[in-house]
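Just so it is clear: in the sequence shown, position 50 is 1024 by the working numbering, and no numbers are missing.
Each residue gets a CB set at the ideal place from its N, CA and C atoms; glycine is no exception.
Reading through the structure tokens given below for one structure.
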Amino acid sequence: MAYLHTLPVQVLKIDRQFVQRLGPNGRDSRIVPAILTIAEALDLDVVAEGIETEAQRARLQELSCHRGQGYLMARPVPLAQLVLA
């Protein structure tokens, strides 16, 4: 943590394991808000990965995490298919 402010990064990604355990109670439910607080203090954008349910998306929105990726939004597609879209 001591070196986080010295790294040349603009975006912090929240690992899918934290998103999967995001619930209303418990220790795991406090980790994501803490990450978001640190990111805000360091003026970093945040992307949550592994969003698979509407409940996860809604909870992240409540926590002011407005960027995400995961199967809820779209499944991976081959490059050739993406280029044709």
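| Check | Outcome |
| --- | --- |
| Under the three-state DSSP convention, the category Gln-1043 falls into | strand |
| Three-way DSSP call (helix, strand, coil) for Ala-1022 in this model | strand |
| Within 8 Å, strictly: CB atoms of Leu-1037 and Leu-1016 | no |
| Pairwise C-alpha distance: Leu-1058 and Gly-1024 | 25 Å |
| Collapsed DSSP secondary structure at Val-1062 in the structure displayed | This structure cannot speak to residue 1062, because the chain is shown only from 975 to 1059. |
| Buried/exposed call for Gln-1030, threshold 16 Cβ in 10 Å | buried |
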